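Enquirer: Handing you a structure now.
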Amino acid sequence: MTTSDKKIFASIAQNGFFDIEVDPTLDLFEEIKRLKKEKNAVLLAHYYQESDIQDIADYIGDSLGLAQAAAKTDADIIVFAGVHFMAETAKILNPSKKVLLPDLRAGCSLSDSCPPEFFARFKSKYPNHIVISYINCSASIKALSDIICTSGNAKQIIDSLPKDQKIIFAPDKNLGAYINKQSGREMVLWNGACMVHEIFSIEKIAKLKQKHPNAKFIAHPECEEIILSIADFIGSTTQLLKYTQQNESKEFIVATETGILHQMQKASPDKTFIPAPPNNNCACNNCPHMKLNTLEKLYLCLLYEQPEILMEEQLRLAAKKPMDKMMELSKQFGLIA
Ligand code: 13P
Ligand code: SF4
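Here the sequence shown stands for residues 0 to 336, where the numbers follow numbering that gives the first Met the number 0.
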């Protein structure tokens with residue numbers, strides 16, 4: 000290893016991300032393709048990633064699809080173009096693989112809103128309850144849960160439980176409130192939320208709907224109740240994408256992170272997609288964590304096989320149990336193969 004490589008590894012170990020320049024003359028698309036092949040690596044990307052990363056990914060999907068892709072892959076290395084809890088989930092499901100995240104700082108405000116020590120105390124106040132946690136949480140929260148769900152299977156999982164089963168739902172209060180309303184339950188909700196989905200402006204969306212009277216307004220269930228109350232369709236990122244492909248409308252106002260618009264536009268080039276505006280001066284909503292990943296970091300990550308997700312085996316096994324339950328139920332419901 001050269002002195003310069005040693006410095007790079009030391010910096011990664013200390014900071015969790017690459018702090019070096021990439022040769023600007025490199026064709027990063029070609030380099031990433033070459034490294035993937037050479038190292039038998041698979042690149043999994045969430046729909047909220049920047050367009051270039053989506054275009055070079057081997058699999059693009061929502062949290063449920065990505066978890067399944069991570070569990071099934073026979074690659075030696077999984078490069079996760081997403082956020083920390085997603086890469087962690089891949090490691091939980093596939094411990095023999097090397098799991099890489101291009102920037103370890105790519106966290107999630109929703110996951111961060113549920114610290115395990117506070118949640119353990121909260122849980123102890125409800126002894127007869129089971130815990131259902133949204134996948135957007137840390138491995139430690141997963142380990143404190145009975146079943147994990149995603150926005151793509153939450154309702155079906157909760158509907159499959161006996162009506163009198165007492166439930167704590169964490170960490171997303173908006174998804175929890177939405178499921179409570181849909182299923183007529185009174186799950187106890189942890190008070191967490193996503194910084195991206197909480198700031199849509201109802202006034203600006205109402206104005207946009209007036210300007211585009213034929214547009215369908217579609218929203219992710221992490222949005223607040225008031226936003227969901229005016230939506231024509233509510234679903235996970237994959238479900239929103241499918242809706243735009245199948246619905247005959249030519250215009251859609253989309254209330255979720257803007258990365259998904261890339262796939263919507265690719266799938267339906269003749270349709271118009273308008274990002275729903277937030278209550279600040281921006282025209283659309285980007286997740287600052289998701290957008291920490293770049294093509295440059297992806298290239299460096301493959302080249303140096305760093306930063307890597309590591310996990311204690313005891314924690315992994317405890318977090319895997321509720322994940323396995325989710326995968327098993329999702330198969331039963333025909334949501335995954
Ligand atoms: P889905 O991909 O499951 O729709 O979740 C969206 C999200 O916020 C991921 O961070
Ligand atoms: Fe977390 Fe929200 Fe970003 Fe998804 S969009 S990673 S829930 S902060």
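Every residue, glycine too, gets a C-beta built ideally from N, C-alpha and C. Since we're looking at a predicted model, the values are computed, not measured.
(1) If residue 221 and residue 291 are in contact, beta carbons under 8 Å, what's the gap, nearest whole angstrom?
(2) From which residue to which residue does the beta strand (DSSP E) around residue 381 run?
(3) Between which residues of its own chain and residue 194 is the CB-CB distance below 7 Å, once the five residues before and five after are set aside?
(4) Counting only runs that start and end within the region 268 to 305, where is the alpha helix (DSSP H) found for 4 or more residues in a row?
(5) Give the secondary structure of residue 132 by DSSP, where H, G and I count as helix, E and B as strand, and everything else as coil.
(6) For the alpha helix (DSSP H) containing residue 242, list its first residue and its last residue.
(7) Kindly indicate the opening and closing residues of the beta strand (DSSP E) around residue 45.
(8) Pull up the distance between the alpha-carbon of residue 75 and that of residue 95, whole angstroms please.
(9) Going by DSSP, what residue range makes up the beta strand (DSSP E) through residue 81?
(10) So for residue 76, helix, strand or coil by DSSP?
(11) Can you give me the C-alpha to C-alpha distance between residue 129 and residue 164, rounded to a whole angstrom?
(12) Measuring CB to CB, does residue 39 end up less than 9 Å from residue 70?
(13) From which residue to which residue does the beta strand (DSSP E) around residue 168 run?
(14) Starting from the Cα of residue 304, find the closest Cα among 77, 210, 236 and 241 and give me that residue.
(15) Where does the unbroken beta strand (DSSP E) through residue 7 begin, and where does it stop?
(16) Please report the distance separating the alpha-carbon of residue 68 from that of residue 307.
(17) Can you tell which of 210, 150 and 224 has the C-alpha that lies nearest to the C-alpha of residue 237?
(18) Given this structure, state the Cα-to-Cα distance separating residue 314 from residue 1, to the nearest angstrom.
(19) I believe residue 192 touches residue 219 by the beta-carbon criterion, under 8 Å. Please report the beta-carbon distance rounded to the nearest angstrom.
(20) Cα separation between residue 140 and residue 24?
(21) Rounded to a whole number of angstroms, what is the C-alpha to C-alpha distance between residue 209 and residue 124?
(22) Please name the residue or residues paired with residue 99 in a DSSP beta bridge.
(23) Can you find at least 3 beta carbon pairs, one from the region 247 to 264 and one from the region 131 to 145, that sit closer than 8 Å?
(24) Residue 254 by DSSP, collapsed to three states: which one?
(25) For residue 230, count the other beta carbons within 10 Å of its own beta carbon; 16 or more makes it buried, fewer makes it exposed. Which is it?
(26) Confirm, please, whether the CB-CB distance from residue 172 to residue 188 is below 9 Å.
(27) Assuming residue 60 is part of the beta strand (DSSP E), what are its boundary residues?
Expert: Let's see:
(1) Position 222 of the sequence shown, counted from the start, is the residue given in the question as residue 221. Position 292 of the sequence shown, counted from the start, is the residue given in the question as residue 291. Wrong, their Cβ atoms sit about 19 Å apart, outside the cutoff.
(2) Since the first and last residues shown for the chain are 0 and 336, residue 381 lies out of range.
(3) On the sequence shown, residue 194 is found 195 positions in, with the first residue counted as 1. The answer, listed in chain order, is 108.
(4) 294 to 303
(5) Counting from one through the sequence shown, the residue named residue 132 turns up at place 133. Three-state DSSP puts residue 132 in a strand.
(6) Here residue 242 refers to the residue found at position 243 when the sequence shown is read from its first residue. Residues 236 to 245.
(7) Here residue 45 refers to the residue found at position 46 when the sequence shown is read from its first residue. Run containing residue 45: 40 to 45, per the beta strand (DSSP E) assignment.
(8) The residue labelled residue 75 in the question sits at position 76 within the sequence shown. The residue labelled residue 95 in the question sits at position 96 within the sequence shown. Between residue 75 and residue 95, the C-alpha separation is close to 8 Å.
(9) For this step, residue 81 is matched to residue 82 along the sequence shown. No beta strand (DSSP E) contains residue 81, which DSSP labels as neither H nor E.
(10) For the purposes of this step, residue 76 is identified with residue 77 of the sequence shown, where counting begins at 1. Residue 76 falls in the strand class under three-state DSSP.
(11) The sequence position of residue 129 within the sequence shown is 130, counting from 1. The sequence position of residue 164 within the sequence shown is 165, counting from 1. Their backbone Cα atoms lie some 8 Å apart in a straight line.
(12) As a first step, residue 39 must be located in the sequence shown, where it is residue number 40. As a first step, residue 70 must be located in the sequence shown, where it is residue number 71. No, the pair does not count as a contact, with Cβ atoms beyond the cut-off.
(13) Reading the sequence shown from its first residue, position 169 is the one you call residue 168. Its beta strand (DSSP E) spans residues 166 to 169.
(14) On the sequence shown, position 305 is the one that residue 304 refers to. Nearest option by C-alpha distance: 77.
(15) The count along the sequence shown starts at 1 and reaches residue 7 at position 8. From DSSP, residue 7 is part of no beta strand (DSSP E) but of the alpha helix (DSSP H) over 2 to 14.
(16) Taking the first residue of the sequence shown as position 1, residue 68 is located at position 69. Taking the first residue of the sequence shown as position 1, residue 307 is located at position 308. Straight-line Cα distance between these residues: approximately 18 Å.
(17) Numbered from its first residue, the sequence shown carries residue 237 at position 238. Checked all of 210, 150 and 224; the closest Cα to residue 237 is 150.
(18) Locating residue 314 in the sequence shown gives position 315, where the first residue counts as 1. Locating residue 1 in the sequence shown gives position 2, where the first residue counts as 1. Straight-line Cα distance between these residues: approximately 35 Å.
(19) Counting from one through the sequence shown, the residue named residue 192 turns up at place 193. Counting from one through the sequence shown, the residue named residue 219 turns up at place 220. That pair is no contact at about 12 Å.
(20) Locating residue 140 in the sequence shown gives position 141, counting from the first residue. Locating residue 24 in the sequence shown gives position 25, counting from the first residue. Cα-Cα distance, rounded: 44 Å.
(21) By one-based count along the sequence shown, residue 209 stands at place 210. By one-based count along the sequence shown, residue 124 stands at place 125. Their backbone Cα atoms lie some 47 Å apart in a straight line.
(22) Position 100 of the sequence shown holds residue 99. Residue 99 is bridged to 78 and 307.
(23) no
(24) For this step, residue 254 is matched to residue 255 along the sequence shown. Of the three classes helix, strand and coil, the one that applies to residue 254 here is strand, per DSSP.
(25) Taking the sequence shown and counting its residues from 1, the one referred to as residue 230 is at position 231. Looking at its Cβ environment, which holds 16 or more other Cβ atoms inside 10 Å, residue 230 is buried.
(26) What you label residue 188 is simply residue 189 of the sequence shown in a count that begins at 1. What you label residue 172 is simply residue 173 of the sequence shown in a count that begins at 1. Yes, these two residues count as a Cβ contact at 9 Å.
(27) If you number the sequence shown from 1, residue 60 lands on position 61. Residues 58 to 60.
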